[in-house]
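Enquirer: Take a look at the following structure, please.
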Amino acid sequence: MDDDDPDGRKYDPDAPHAYPDEKLNRILPAVVEDPEVRTYLDAQNVNAVTRKGYNDHGPKHIEIVRNRALRLYELLKRAGVAFNGATDQGLSEADEPVIVALAATLHDVGHVVHRDRHAYYSIPLASDLLDRLLPEFYDTEEAVRVKAETLHAILCHHTEEDPLTREAGVIRVADALDMERGRSRIPYEKGGRGINTLSSRAIRNVTLEEGDDAAVLVEIEMVNAAGVYQVDNLLKAKLRDSTLEDHVRIVAINTKEESGLVERIEL
Numbered sequence: 033m034d035d036d037d038p039d040g041r042k043y044d045p046d047a048p049h050a051y052p053d054e055k056l057n058r059i060l061p062a063v064v065e066d067p068e069v070r071t072y073l074d075a076q077n078v079n080a081v082t083r084k085g086y087n088d089h090g091p092k093h094i095e096i097v098r099n100r101a102l103r104l105y106e107l108l109k110r111a112g113v114a115f116n117g118a119t120d121q122g123l124s125e126a127d128e129p130v131i132v133a134l135a136a137t138l139h140d141v142g143h144v145v146h147r148d149r150h151a152y153y154s155i156p157l158a159s160d161l162l163d164r165l166l167p168e169f170y171d172t173e174e175a176v177r178v179k180a181e182t183l184h185a186i187l188c189h190h191t192e193e194d195p196l197t198r199e200a201g202v203i204r205v206a207d208a209l210d211m212e213r214g215r216s217r218i219p220y221e222k223g224g225r226g227i228n229t230l231s232s233r234a235i236r237n238v239t240l241e242e243g244d245d246a247a248v249l250v251e252i253e254m255v256n257a258a259g260v261y262q263v264d265n266l267l268k269a270k271l272r273d274s275t276l277e278d279h280v281r282i283v284a285i286n287t288k289e290e291s292g293l294v295e296r297i298e299l
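Oh and the sequence shown: position 254 is 286 in the working numbering, straight run, nothing missing.
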């Protein structure tokens, strides 16, 4: 995978491409290479981008969200932050990143039905996919429990329902971390000048590192004050009540604004 994609979004260079967990390494390739899953990820961009003119919600968005979700998970675990989704269900610790990766991959499939309330439409569609894919790796009881936690994380990524697990909180925050300018390239080139498009165009780079006073430091480089909307409205809203508020520090720095209207904000 290249660090930079043609649209200008940067993949995390330190994101876990070769995942250290053996179970995740067995399950994830089977999911992302599945023809039906791949078709859903392409098709979900039609309503979002082609018809509604929104930012990217297709395969590239999914890959970035999944990498950043697993990076968040890795940094949080490294700092000793406990996860409860898998353990509450009697599953193993190795199932935590599986739940994170599955939810990140399938969280937006509901867009094939409609952009509005898409998280709710994602539930039955993802449920059918998981019913077909999980039995290859789990017995019936385990498959049901992994499915349950995955669906919870999917539902909580873009709705008023608060995450009840850290796995779900990771998906909620990671979804908002795909904010660089390449995500809005298509609507911008078609003349879109809404706040979501313009604010995304103002974000150059996002990185996730170990923090000094928090488990995770998210650094965001803005080149225009419009990027404040992505940080203060969208990301801040996703971080609130995510179960990760005490463990993630966000620093956004404006590097190119001539007016100096906004130089730096921290959450």
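A virtual CB, placed ideally from N, CA and C, is assigned to each residue, including glycine.
Could you please give me the residues that DSSP links to Arg-281 through a beta bridge?
Expert: Translated into the one-based positions of the sequence shown, residue 281 becomes position 249. Answer by DSSP bridge pairing, in chain order: Leu-249.
Enquirer: Could you pull out every residue in the same chain whose Cβ sits closer than 7 Å to the Cβ of Leu-165, ignoring the five residues on either side in sequence?
Expert: If you number the sequence shown from 1, residue 165 lands on position 133. Contacts found: Ala-62, Val-63 and Asp-66.
Enquirer: If we ignore side chains and look at the alpha-carbon of each, how far apart do Arg-384 and Ile-131 end up?
Expert: The requested residue 384 does not occur in the structure, where the chain is confined to residues 33 to 299.
Enquirer: Just checking my contact of Leu-102 with Val-248 at CB under 8 Å: how many whole Å lie between their CB atoms?
Expert: Along the sequence shown, read from residue 1 onward, the residue named residue 102 stands at position 70. Along the sequence shown, read from residue 1 onward, the residue named residue 248 stands at position 216. Going by Cβ atoms, the distance from Leu-102 to Val-248 rounds to 13 Å, so no, they are not a contact pair.
Enquirer: From which residue to which residue does the alpha helix (DSSP H) around Glu-106 run?
Expert: Here the question's residue 106 lines up with position 74 in the sequence shown. Looking at the DSSP string, the run of the alpha helix (DSSP H) that includes Glu-106 is 91-110.
Enquirer: Can you list, in chain order, the residues of its chain whose CB lies under 7 Å from that of Leu-73, leaving out five sequence neighbours each side?
Expert: Taking the sequence shown and counting its residues from 1, one reaches residue 73 at position 41. Within the same chain, and ignoring the five residues on either side of Leu-73 in sequence, the residues whose Cβ sits closer than 7 Å to its Cβ are Gly-90, Pro-91 and Ile-94.
Enquirer: Using a Cβ-Cβ cut-off of 6 Å (strictly less than) and excluding sequence neighbours within five positions of Val-144, which residues of its own chain qualify?
Expert: Here residue 144 refers to the residue found at position 112 when the sequence shown is read from its first residue. Only Ala-75 and Gln-76 meet the Cβ criterion.
Enquirer: Alpha carbon to alpha carbon, what distance is there between Ile-285 and Val-176?
Expert: Position 144 of the sequence shown, counted from the first residue, corresponds to residue 176. Position 253 of the sequence shown, counted from the first residue, corresponds to residue 285. About 44 Å.
Enquirer: Enumerated in chain order, which unbroken segments of the alpha helix (DSSP H) with a length of 4 residues or greater are wholly contained in the region 156-223?
Expert: Restricted to the region 156-223, the alpha helix (DSSP H) segments that are unbroken, complete and at least 4 residues in length are 172-187, 198-208 and 217-221, listed in chain order.
Enquirer: Under a Cβ-count criterion, where at least 16 other Cβ atoms within 10 Å of its own Cβ denotes burial, should Lys-288 be classed as buried or exposed?
Expert: Along the sequence shown, one-based indexing puts residue 288 at 256. Lys-288 is exposed by the Cβ-count criterion.
Enquirer: Alpha carbon to alpha carbon, how far is Ala-136 from Asp-207?
Expert: Residue numbering aside, residue 136 sits at position 104 when the sequence shown is read from its first letter. Residue numbering aside, residue 207 sits at position 175 when the sequence shown is read from its first letter. Spanning the two alpha carbons is a distance of roughly 8 Å.
Enquirer: If you draw a straight line from the C-alpha of Ala-151 to the C-alpha of His-189, how long is it?
Expert: Start at 1 with the first residue of the sequence shown, and residue 151 comes out as number 119. Start at 1 with the first residue of the sequence shown, and residue 189 comes out as number 157. Ala-151 and His-189: Cα-Cα distance of roughly 7 Å.
Enquirer: Would you mind working out which of Glu-241, Gly-117 and Ala-246 sits nearest Ile-252, comparing C-alpha positions?
Expert: The residue labelled residue 252 in the question sits at position 220 within the sequence shown. Here the closest residue by C-alpha is Glu-241.
Enquirer: Using CA coordinates, which residue listed in Val-69, Leu-276 and Val-263 is at the minimum distance from Leu-161?
Expert: Within the sequence shown, the letter at position 129 stands for residue 161. When each option's Cα is compared against that of Leu-161, the closest is Val-69.
Enquirer: Using CA atoms only, rank isn't needed, just tell me which of Phe-115, Ala-133, Lys-84 and Asp-88 is closest to His-279.
Expert: Along the sequence shown, one-based indexing puts residue 279 at 247. Looking at Phe-115, Ala-133, Lys-84 and Asp-88, the one whose alpha-carbon comes closest to that of His-279 is Phe-115.
Enquirer: What distance in whole Å lies between the Cβ atoms of Gln-121 and Ala-180, which are believed to be in contact at a cut-off of 8 Å?
Expert: As a working mapping, residue 180 is identified with position 148 in the sequence shown. As a working mapping, residue 121 is identified with position 89 in the sequence shown. Correct: roughly 7 Å between the Cβ atoms.
Enquirer: Could you say which of Asp-88, Ser-124 and Thr-275 lies nearest to Val-113 if we only look at CA atoms?
Expert: Counted from its first residue, the sequence shown places residue 113 at position 81. Here the closest residue by C-alpha is Thr-275.
Enquirer: Let's test the definition: count the other Cβ atoms within 10 Å of the Cβ of Ser-154 and tell me whether it reaches 16, buried, or not, exposed.
Expert: Sequence index remark: in the sequence shown, residue 154 carries index 122 (1-based). With 16 or more other Cβ atoms within 10 Å, it is buried.
Enquirer: When the distance is taken between beta carbons, is Val-255 closer than 8 Å to Val-238?
Expert: Reading the sequence shown from its first residue, position 206 is the one you call residue 238. Reading the sequence shown from its first residue, position 223 is the one you call residue 255. The answer is no: Cβ separation not under 8 Å.
Enquirer: For the beta strand (DSSP E) that contains Val-238, what are its first and last residues?
Expert: Residue 238 sits at position 206 when you count from the first residue of the sequence shown. That run of the beta strand (DSSP E) goes 235-242.
Enquirer: Can you tell me which of the three DSSP states Asn-286 falls into?
Expert: Mapped onto the sequence shown, residue 286 falls at position 254. In this structure, Asn-286 counts as strand in the three-state DSSP scheme.
Enquirer: What's the call for Thr-191, buried or exposed, on a 16-neighbour Cβ count within 10 Å?
Expert: Counted from its first residue, the sequence shown places residue 191 at position 159. Classification for Thr-191: exposed.
Enquirer: Assign Pro-167 to one of two classes, buried (16 or more other C-beta atoms within 10 Å of its C-beta) or exposed (fewer than that).
Expert: The residue given as residue 167 occupies position 135 in the sequence shown. Counting Cβ neighbours within 10 Å, Pro-167 comes out exposed, since fewer than 16 surround it.
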